[in-house]
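Below is one structure, written out as structure tokens; comments come after it.
The following block contains the structure:
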């Protein structure tokens, strides 16, 4: 393949994938490293973005889209892209599907793109079917290698092997230059490809000394070898074991071809066995060179947990910062709980991994343990540990070399930032803010502008969640200034957040200015009205008006009118005959209590009851007064008679006792309302308690139902964007269940359940629209809110599974299916429905959903 591409003038970018590339972060770094062999410095902004906005939290789609765009823009026109051993990656993870969905289609049509695998590749199903090679194209040409004489009846079988296997052709070419004819004939008499290759290796290696054979065994264990220009003995040994099993790579490196690994192991026999110390030394040498993905599995296979823990502690920060949470998680799974909990760095990393697997409860627990362990570690004497074979803290190391206790500032800042995001998602805003502030400070010290910008942006978001957009605006502005030029185009969320928060700050400022202007106008109006009254009092002072009736007459008048004896101080008929002079002699403080001519009452019943009259909150009242006002507000159009109110609030109580309790409640309610306005709010007329006709009432439940009705209508009409706005407004109004925190009476049960079901409908409709608009993070958030209130909603479970799968997180989707099955079995004793099972099977097969 490489020769064919070279012959047509193509320079291949060749990726040999391994099991480690099942992690999308590792494959992303592998592709960037491969391209850098032709384009030094390629992908710096992309990797910085991946570190600042890691895929396990923000999804992989955007990062792979950015990789495809960068390759389409910068890859030379004579390049070709080859992905070899794709079957090692697919179908074990989303990596290949992400590459086939976003990277390969982004390249120019003239650029060859080759995916090679030795099994079916479900992830490649997103590619066009007409791009697959035909059988004729895959058929190898007849070999131009001459067979030695004397093969006899084995000639036909040898010719067949030569035609079918490039490895046999390479082995024969090597044998013709290194072996005798009789040895070649003996080799070609083997009956299968592995036997031919094993015979070639045994014959060739029989001529080298034991030391060289052990050197080859070490190389075979690693899979790679490099020529050392400064070590002549190394070069001598390396020259003795040369053969067709080595494939030359760039930079003086070679790799053991996959097809030769088993034959070489068989040919080396006893010399191929390596003792534990030798394997441990090889692993530590790989770690020193930065080959973490090969070193850690070797150490894990040695059952040497102290060394494994030490090595993981050195690389955990870098792996978390680069988004390789899946890879690190597989390694951490091999540690005991005691070993994990003894290392704050690993415990912090395990919390990230737990979150990416959907275990937010476990992630929160481990984060708390990390903070406690960190405090103990700071108070303990400092201890530097060393592992033989690696330099100490002052030595040189590779990309994943020795990091010390907490790593350098650039690694620690990225880990703290990721921990802050995780902590925020679990609901601890204070802990998240503290970690983000530390990350920003460390990033500023280390000069890591990308993390500094991401930390500032994250701090802005935390302050928005905390209700402080003014402070958030400063952080967002700092993030805009700190974002590196090469990353700005890839992070529009930073600029958009800055724009929106500045708009919120402007609106708040305008609202305060308007409120001040309204208050000033009200004061001017009141002063002018006082002048008008004073002016009229002099003009009307001569005429005599009817005198005020005495207390007895007033009481009689009230009785004749059917008034309520509790209607004290301003609601009896006596005040109707007060002359104008008395009105003009009211105290200024009393006049100020009136506020507007028409009292305005704002009532919140969705969540804890909250009432304000003329902008002044009502406080200092008991549960019965609160229940009475809520009932009158909700039934202000029905105007229930007094007996109905008594039965609703005091069911089954003697009528006389209930009437007395009602009068006491009304009296207490009027008393607390007089703290906000002099005008009557609750009146009694013709046997009915109701709100005064001149009181303007605004209830959040009415607005909530209005937005729900509008959302239903717009959804039915197919006006999705308009419907989203209405459903969002309805969801925002629902602060909690109807009259939450209030003593529950029978009359509250039905409206509470009706509002709860309507709220679930709003969440369902809005999450469906978000899913259709590819706003997967918001859709997932609403689905979790639905499941918090109704864990048996299979439709919400399925929608959440789709969100995870479309964000390149099929493992979370499958975990959600497991949660769904467990909840249904526990609560309803049923299994998931056919639609849920079909969706789970498609996700497991990595099919598009």
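In this note's numbering, the protein residues as written are 322 to 1170. Glycine is no exception: its CB is placed at the ideal position from the N, C-alpha and C atoms.
Between which residues of its own chain and residue 986 is the CB-CB distance below 6 Å, once the five residues before and five after are set aside? 945, 946 and 949
Roughly how many angstroms lie between the CA atoms of residue 786 and residue 350, to the nearest whole one? 34 Å
Cβ neighbours of residue 826 in the same chain (closer than 7 Å, five flanking residues each side left out): Spatial neighbours of residue 826 in its own chain (CB-CB distance under 7 Å, excluding positions within 5 residues in sequence) are listed in chain order as 790, 791 and 794.
Quick one, are the C-beta atoms of residue 1066 and residue 926 less than 8 Å apart? no
Of all the alpha helix (DSSP H) runs that stay within the bounds of the region 499 to 536, which reach a length of 4 or more residues? Whole alpha helix (DSSP H) segments, 4+ residues: 502 to 509 and 514 to 526.
Using 8 Å as the Cβ pair cut-off and three pairs as the minimum, do the region 1000 to 1009 and the region 1022 to 1040 touch? Under the Cβ criterion (8 Å, minimum of three pairs), the region 1000 to 1009 does not count as touching the region 1022 to 1040.
Taking just the CA atoms, how far does residue 1014 sit from residue 847? Their Cα atoms are separated by approximately 23 Å.
Entirely within the region 999 to 1035 and at least 3 residues each: give me those beta strand (DSSP E) ranges in chain order. 1003 to 1006, 1009 to 1012 and 1017 to 1020
Residue 820: which of 797, 840, 1104 and 924 sits nearest, CA to CA? 797
In terms of residues, what are the limits of the beta strand (DSSP E) holding residue 933? 931 to 934
Measuring CA to CA, which of 402, 618 and 440 is closest to residue 427? 402
Taking the alpha carbon of residue 676 as the point to measure from, which residue in 664, 589 and 644 has its own alpha carbon closest? 644
Nearest candidate by alpha-carbon position, reference residue 1121, set 1111, 1110, 1103 and 1113: 1103
Under the rule that 16 or more other beta-carbon atoms within 10 Å means buried, what is residue 973, buried or exposed? exposed
Just mark residue 325 as buried or exposed, buried being the case when its beta carbon has 16 or more other beta carbons within 10 Å. exposed
I'd like the list of long-range same chain contacts for residue 1064, defined as Cβ closer than 8 Å, with 5 residues on each side in sequence excluded. Excluding sequence neighbours, residue 1064 sits near 944 and 948.
What are the start and end residues of each continuous alpha helix (DSSP H) run of 4 or more residues lying completely inside the region 936 to 966, in chain order? 944 to 955
Same chain, Cβ closer than 6 Å to residue 445, neighbours up to 5 away in sequence not counted: 421 and 436
Cβ-Cβ separation, residue 418 to residue 956 (assumed contact under 8 Å), whole Å: No, residue 956 and residue 418 are not in contact; Cβ-Cβ is about 58 Å, not under 8 Å.
May I ask you to verify whether the region 979 to 995 touches the region 1028 to 1039, counting CB pairs closer than 8 Å and requiring at least 3? no
With DSSP run on the structure shown, which of helix, strand or coil describes residue 385? helix
Can you grab the Cα-Cα spacing for the pair residue 370 / residue 771, in whole Å? 7 Å
Got a sec? Which residues, its chain only, sit under 7 Å from residue 570 by beta carbon, not counting five neighbours each side? 576
Please determine, among 1053, 1123, 1068 and 1110, the residue with the shortest C-alpha to C-alpha distance to residue 1200. Because residue 1200 is not part of the residues shown, which for the chain are 322 to 1170, the question remains open.
Residue nearest to residue 1112 in terms of C-alpha spacing, selected from 528, 1153 and 423: 1153
Measure how close the beta-carbons of residue 1175 and residue 640 come, nearest whole angstrom, since I'm counting them as under 8 Å. Past the boundaries of the shown model lies residue 1175; the chain is included only from 322 to 1170, so the question cannot be answered.
Looking at the unbroken alpha helix (DSSP H) that takes in residue 575, where does it start and where does it end? Where residue 575 is concerned, there is no enclosing alpha helix (DSSP H), although the beta strand (DSSP E) it sits in stretches over 574 to 577.
Among 412, 392, 597 and 399, which residue has its Cα nearest to the Cα of residue 328? 399
Within its chain, find whatever has a CB closer than 6 Å to the CB of residue 889; leave out the 5 residues flanking it on each side and keep chain order. For residue 889, the pLDDT reaches just 37, beneath the cut-off of 50, and the residue's location in the model is therefore unreliable, although a value from the coordinates is still provided. Correct list: empty, nothing qualifies.
At least 3 beta-carbon pairs within less than 8 Å: the region 576 to 587 vs the region 603 to 617: Contact fails: fewer than three Cβ-Cβ distances are below 8 Å.
State buried or exposed for residue 734, treating a residue as buried only when at least 16 other CB atoms are found within 10 Å of its CB. buried
So if DSSP puts residue 425 in a beta bridge, which residue, or which two residues, is it bridged to? According to DSSP, residue 425 bridges with nothing at all.
Which value, in whole angstroms, describes the spacing of the CA atoms of residue 564 and residue 495? Straight-line Cα distance between these residues: approximately 7 Å.
So if DSSP puts residue 545 in a beta bridge, which residue, or which two residues, is it bridged to? 576
Own chain residues within Cβ distance below 6 Å of residue 908, not counting five before or after: With a pLDDT of 37 at residue 908, under the threshold of 50, the predicted position of this residue should be treated as unreliable, though the coordinate-derived value follows. Within the same chain, residue 908 has no close Cβ partners at all.
What separation, rounded to the nearest whole angstrom, lies between the Cα atoms of residue 608 and residue 631? 11 Å
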